[in-house]
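Trainee: After the structure tokens below, expect a handful of questions from me.
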Amino acid sequence: MSLIPAEHLKQIFSVEAKFYHVEIENEKILMRREARIRRNGVFTTRADAVIVMINPSNCAQAGETLKSPQDAQWIPTKPNPTQYQLMNLMERQEWNLVTLINLSDICEGNIGNFNIIENQFNRMGMSHSLFQEDNAQERQALLASADHLIFAWGSSTVAKRLAAQFGLFQEGSPEKSYAHAKAWVAADNGFPRHPKPATVADRVIWLDKMDVLLQ
């Protein structure tokens with residue numbers, strides 16, 4: 041089975057996200073608590089899956105933000121290449137709604153800069169992740185609102201550290217609290233594979249593997 045072109049997927053699905061900001065040391069840090077991919081014309085509150093990635097990357101469309109993730113409003117965003125890949129998965133599975141969350145809410149694609157910002161949060165004793173204990177109630181409600189949980193953060197050593205620190209995944213397997221999670225784990229490094237590998241052929245293989253895991 042081949043990939044569905046992005047132009048066609050745009051007609052089928054829409055993406056929206058909740059952004060907020062945190063002020064630390066006189067600096068405003070942009071954050072994204074969650075994003076959703078929704079099938080157009082279908083209005084459901086229960087997600088088919090929650091997919092966990094490393095941290096948000098497409099945050100340029102955030103606009104004005106509020107300080108609290110609970111007060112953040114859903115705004116439409118343009119899909120990125122990873123989200124198009126997840127739309128392919130949704131078409132295969134006949135899903136209507138997928139929720140995207142991250143090991144960290146920090147909107148920073150550069151790992152070096154991410155580490156600096158993360159250290160600021162740690163120094164101030166502030167949370168930057170839905171998976172930290174002070175967000176347990178919100179996390180549990182969100183995870184309970186979906187039929188499947190998928191780990192897909194890729195081979196980043198930062199992701200590996202955060203997943204172990206927050207009790208999600210270690211030594212190639214989900215921790216006991218997340219034993220129901222699905223992940224295509226790379227045999228060579230024990231990481232949950234990212235949905236969008238470099239080549240089209242490998243993207244199709246990822247979709248094929250997920251089809252099997254989700255049966």
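Going by the working numbering, the sequence shown wraps up at 255, each residue one higher than the last. Virtual Cβ for every residue (Gly too), placed ideally from N, Cα, C. Computed from a predicted structure; not experimentally measured.
Would you call the region 62-75 in contact with the region 44-54, where contact means no fewer than 3 C-beta pairs closer than 8 Å?
Mentor: No, because fewer than three Cβ pairs between the region 62-75 and the region 44-54 fall closer than 8 Å, the two stretches do not touch.
Trainee: Taking only beta-carbon positions, decide if F154 is within less than 8 Å of chain C.
Mentor: The chain labelled as chain C is not found in the depicted structure, where only one protein chain is given.
Trainee: On a Cα-Cα basis, can you pick out the residue from A192, A176 and R76 that is closest to S217?
Mentor: As a first step, residue 217 must be located in the sequence shown, where it is residue number 177. Looking at the Cα atoms, A176 is the closest of the given residues.
Trainee: Starting from M71 and walking both ways along the beta strand (DSSP E), at which residues does that stretch end?
Mentor: In the sequence shown, the residue the question calls residue 71 occupies position 31. Taken as a continuous stretch (DSSP letters only), the beta strand (DSSP E) holding M71 covers E67 to R79.
Trainee: Should L141 and N95 be called a contact, given that it needs their Cβ atoms to be closer than 8 Å?
Mentor: Taking the sequence shown and counting its residues from 1, the one referred to as residue 141 is at position 101. Taking the sequence shown and counting its residues from 1, the one referred to as residue 95 is at position 55. Correcting the residue identity first, residue 141 is Ile in this sequence and not Leu. No; because the gap between Cβ atoms is not below 8 Å, this pair is not in contact.
Trainee: Looking only at C-alpha atoms, which of R72, L182 and L189 sits nearest to A221?
Mentor: For the purposes of this step, residue 221 is taken as the residue at position 181 of the sequence shown. With distances taken between Cα atoms, A221 lies closest to L189.
Trainee: On the criterion of 16 or more Cβ atoms from any shown chain inside 10 Å, does S185 qualify as buried, or is it exposed?
Mentor: By one-based count along the sequence shown, residue 185 stands at place 145. Under this definition S185 is an exposed residue.
Trainee: Please list, in chain order, all residues of the same chain as D248 whose beta carbon is under 8 Å from its beta carbon, the five residues on each side excluded.
Mentor: Counting from 1 along the sequence shown, the entry for residue 248 is found at position 208. Excluding sequence neighbours, D248 sits near M41.
Trainee: Which residues in the same chain as R243 place their Cβ atom closer than 7 Å to its Cβ, once the five residues preceding and following it in sequence are excluded?
Mentor: As a working mapping, residue 243 is identified with position 203 in the sequence shown. These residues qualify, in order along the chain: L43, Q125, K236 and P237.
Trainee: How about the region 79-95 and the region 129-144: do they share at least three Cβ pairs that are nearer than 8 Å?
Mentor: Yes, the region 79-95 is in contact with the region 129-144.
Trainee: Is DSSP giving K58 helix, strand or coil here?
Mentor: The residue labelled residue 58 in the question sits at position 18 within the sequence shown. Residue state, collapsed to three classes: strand.
Trainee: Considering only the alpha carbon of each residue, which of D88, Q172, K118 and G152 lies closest to E47?
Mentor: Numbered from its first residue, the sequence shown carries residue 47 at position 7. Closest option to E47, Cα to Cα, is K118.
Trainee: Smallest Cα separation from A89: which of P45, R78 and C99?
Mentor: Looking up residue 89 in the sequence shown gives position 49. Of the listed residues, the one whose Cα sits closest to A89 is R78.
Trainee: To the nearest angstrom, how far is the alpha carbon of K200 from that of G103?
Mentor: Here residue 200 refers to the residue found at position 160 of the sequence shown. Here residue 103 refers to the residue found at position 63 of the sequence shown. One C-alpha to the other measures close to 31 Å.
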